[in-house]
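Below is one structure, written out as structure tokens; the observations come after it.
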Amino acid sequence: LTAHGWPEEDIDDLVLALNEAVTNSAEHAYPSTGLNGRIELTITLRSGDDGTTRAVVTVTDHGRWRIPASSPGYRGRGLQMMRALTESVELRAGSLGTRVTMVSRPVCVGADVAGRPTDMANEMANEMGVLS
Amino acid sequence: LSTFERPLSVTDVTDPTTDKLISLSTEKTSTDTTVLRVGGEVDMVSSPLLRQRVTDEIDGGVRRLILDFNDVGFMGTSGLAVLVEARSGAMDANIELWLVCAKRVTLRSLDIAGLRPLFRVADTVTNALEGTPSA
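Sequence lines, in order, name chains A and B. The working numbering puts the first residue of the first sequence at 3, with every later residue one more than the last. The working numbering puts the first residue of the second sequence at 75, with every later residue one more than the last.
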């Protein structure tokens with residue numbers, strides 16, 4: 003995103019939202035296997051007609067969706083955080099796993115940007131030790 | 075109290091299993107005040123270490139606890155959960171809890187979650203020791 007001229011503050015927000023999505027997958031989909039489950043991330047840049055660009059981020063796991071427990075304290079706020087940090091959050095849960103799709107707020111990156119995935123998400127996941 | 079001329083004890087612990095994602099060091103600046111400096115990233119993997127250390131400090135009979143997050147580069151909801159628990163524990167134990175946060179990434183997380191008004195927040199440890207909150 004930096005290479006695409008993305009504003010630093012928007013990157014921070016997306017990283018925060020992405021972290022929450024991956025954390026949710028790791029905690030909810032793979033509670034017993036800990037960090038050994040596989041989580042797939044993609045980021046695609048989507049240019050709008052109005053000259054703005056949005057980043058579309060997907061986080062996919064192959065575990066079973068669990069309804070967040072109404073546990074005490076502050077757990078389970080990840081989804082709220084994701085919604086506050088992005089334009090939209092869509093959650094699809096099926097028997098094969100769960101996919102979260104987040105669309106960033108539109109940003110003006112100046113240069114014309116082709117929609118193509120980046121390696122940033124995978125690098126982040128590796129840094130976080132999520133991918134096995 | 076505004077300087078660290080006579081630290082009574084200093085410890086530094088990192089957990090090799092987290093590949094040093096987080097660093098935690100405490101400094102007792104007076105008999106009743108402890109500063110816990112946090113560095114690195116506070117996320118799902120590292121937050122249990124922070125939770126344990128904060129719990130230890132709260133249980134240790136301190137009267138004022140200052141959590142310094144100015145060297146933190148990331149704060150997710152796992153870390154925010156620790157802060158909310160710390161607030162509750164500090165209130166129960168009648169401990170004055172301060173957060174030292176001047177960096178955007180940390181303040182952003184607090185603000186998005188609507189938590190900043192719940193805490194005493196200072197820009198620097200010195201300000202926290204003097205009881206001066208952020209503007």
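All C-beta atoms in this analysis are idealised placements derived from N, C-alpha and C, irrespective of residue type, glycine included. Just so it is clear, the structure is predicted and the values come from calculations on it, not from any experiment.
In the assembly as shown, asparagine 26(A) is a buried residue. Its beta-carbon has 16 or more other beta-carbons within 10 Å.
Along the segment 168-187 of chain B, going in chain order, the ones with a CB nearer than 9 Å to a CB of chain A are Arg178, Val179, Arg182, Ser183, Ile186 and Ala187. Asparagine 168(B) sits exposed, since fewer than 16 C-beta atoms from the chains shown fall within 10 Å of its C-beta.
No Cβ of chain B is located within less than 7 Å of the beta carbon of methionine 104(A). With contacts defined by Cβ atoms closer than 7 Å, threonine 151(B) and glutamate 11(A) do not form a contacting pair. Look at arginine 48(A): its C-beta is not under 7 Å from any C-beta on chain B. Residue pairing from DSSP places alanine 196(B) in a beta bridge opposite Val174(B).
In this structure, DSSP gives arginine 48(A) an extended state, which the three-state scheme calls strand. Contact residues of the segment 145-171 of chain B toward chain A are Phe148, Met149, Gly150, Thr151, Ser152, Leu154, Ala155, Val156, Leu157, Val158, Glu159 and Ser162 (C-beta to C-beta distance below 9 Å). In chain order, Thr151, Leu154, Ala155 and Ala187 make up the part of chain B whose C-beta sits under 8 Å from the C-beta of arginine 79(A). With a cut-off of 8 Å on Cβ pairs, the segment 132-141 of chain B is in contact with the segment 166-182 of chain B, counting three or more such pairs. In terms of Cβ geometry, leucine 173(B) and phenylalanine 148(B) do not form a close pair [threshold 7 Å]. Within the segment 87-100 of chain A, contact with chain B at the beta-carbon level (separation under 8 Å) is assigned to Leu87. Closest in alpha carbon position to aspartate 117(B), among Val199(B), Asp130(B), Leu95(B) and Arg178(B), is Leu95(B). Ala19(A) is the residue among Gly65(A), Ala19(A) and His30(A) whose C-alpha sits nearest the C-alpha of isoleucine 45(A).
In the DSSP annotation of this structure, the continuous segment of the alpha helix (DSSP H) that includes threonine 151(B) starts and ends at 151-166. In the same chain as arginine 127(B), and ignoring 5 residues on each side of it, the C-beta atoms closer than 7 Å to its own belong to Leu98 and Leu110, in chain order. The beta carbons of arginine 56(A) and serine 90(A) sit no closer together than 7 Å. Rounded to whole angstroms, the gap between the alpha carbons of methionine 104(A) and tryptophan 8(A) is 16 Å. Around the CB of alanine 28(A), 16 or more other CB atoms lie within 10 Å, so the residue is classed as buried. Buried is the label assigned to serine 120(B), since at least 16 other Cβ atoms lie within 10 Å of its Cβ. Cβ-Cβ distances below 6 Å link arginine 125(B) to Val156 in the same chain, with the five nearest sequence neighbours on each side left out; the list follows chain order. Here aspartate 145(B) has Gly113 as same chain residues with Cβ atoms under 6 Å from its own Cβ, once five neighbours each way along the sequence are excluded. In the structure shown, serine 90(A) adopts extended strand secondary structure according to DSSP, grouped into three states.
Rounded to whole angstroms, the separation of the alpha carbons of glycine 53(A) and glycine 188(B) is 32 Å. Secondary structure at methionine 104(A): strand, using DSSP grouped into helix, strand and coil. Taking C-beta separations shorter than 8 Å and ignoring five residues to either side along the sequence, the partners of methionine 83(A) in its chain run Leu18, Ala19 and Glu22, following chain order.
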